[in-house]
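Colleague:
In the numbering used here, the protein residues as written are 210 to 546.
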């Protein structure tokens, strides 16, 4: 039987275990990789503002970080957690994520007993850390429903598996990243209303993009960096989704090809072009043509079709939308006989 959440008082038994209502949970390890957010300081300040509590009766907000894949949404959240000096936990959402994956998973120990493992989200709740739900719009509604109470004034979750209610530490903070692509679920409105505000992470400008590549690839030659940044900036202008992550991977491959065989060196331009095609596809070699094809695919210059267009040719006299004036013009051209 589920207990009232007001009775649930987590108690640390050691630095890896917490006991709630007689149930011991094994906590996940926090994420410890360093992160630096370069440029776009305004979006970082907006995220940090969401986590401020201005009064004892106030609650932090859980924002959505929206943007194309590879623009640094997760990196932004990591940098914000580091700036707050809070332990960071990251949960990778997928279409297969179940409520028990998101909360508490039972595991059979070597002794044949059931152990309860807390997810990164629940671990952040109990330790007062930050949890990033990465690519949250890949997760189904059933899983989102299991955390709905966490992101409103109740600030708790209920684990059916362990039979306990888990309250969030007052210092707990969260953010949800979401990619702007088609391979995602539509999140229901009652969840979206809890994930506010929406912060859009855009592509960096030329100076910031160069600094990002230099930060991740300090060993790259200036010429290679310049070629990559020029390519990325041109793709941004054409509304294509090539990101700093794409540039980093492209450069890494090109540099590996350059150093692969010192006895048969490959030219910088040839290595860069090969990396471009292998990492981003042959179409990336002609950004203008790629942008035009994308525009046509999205219906950029296409004339919308009506229902009648499915049954009649455009010049069919029986077409109900046929322009009568065109018929008159045709008769004028034929003249009187």
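We put the CB at the ideal spot given by N, CA and C, even for glycine.
Keep in mind it's a predicted model, so treat the numbers as computed, not measured.
Using CA coordinates, which residue listed in 334, 481, 300, 459 is at the minimum distance from residue 377?
Modeller: 334
Colleague: Rounded to a whole number of angstroms, what is the C-alpha to C-alpha distance between residue 472 and residue 408?
Modeller: Cα to Cα, the separation comes out at about 50 Å.
Colleague: Assign residue 455 to one of two classes, buried (16 or more other C-beta atoms within 10 Å of its C-beta) or exposed (fewer than that).
Modeller: It counts as buried.
Colleague: Just to confirm, is the Cβ distance from residue 297 to residue 239 under 8 Å?
Modeller: yes
Colleague: With a CB to CB cut of under 6 Å and the five nearest residues on each side skipped, what residues in its chain are close to residue 403?
Modeller: 360, 361
Colleague: Curious, which full-length beta strand (DSSP E) runs of at least 3 residues does the region 335-362 contain?
Modeller: 339-343
Colleague: Any idea if residue 218 is buried or exposed, counting beta-carbon neighbours within 10 angstroms, 16 or more meaning buried?
Modeller: exposed
Colleague: Drop a sphere of 10 angstroms on the beta-carbon of residue 490, count the other beta-carbons inside from all chains shown, and report buried for 16 or more, exposed for fewer.
Modeller: exposed
Colleague: Cβ atoms of residue 386 and residue 271: under 8 Å apart, would you say?
Modeller: no
Colleague: Ignoring anything shorter than 4 residues or poking outside the region 400-480, list the alpha helix (DSSP H) runs there in chain order.
Modeller: 415-425, 431-446, 453-469
Colleague: For residue 269 and residue 406, I'd like the C-alpha separation in whole angstroms.
Modeller: 11 Å
Colleague: Can you look up residue 382 in the DSSP assignment and give me helix, strand or coil?
Modeller: strand
Colleague: Less than 8 Å between the CB atoms is what I'm expecting for residue 327 and residue 235, so what's the real figure, rounded?
Modeller: 6 Å
Colleague: What's the C-alpha gap between residue 467 and residue 430?
Modeller: 11 Å
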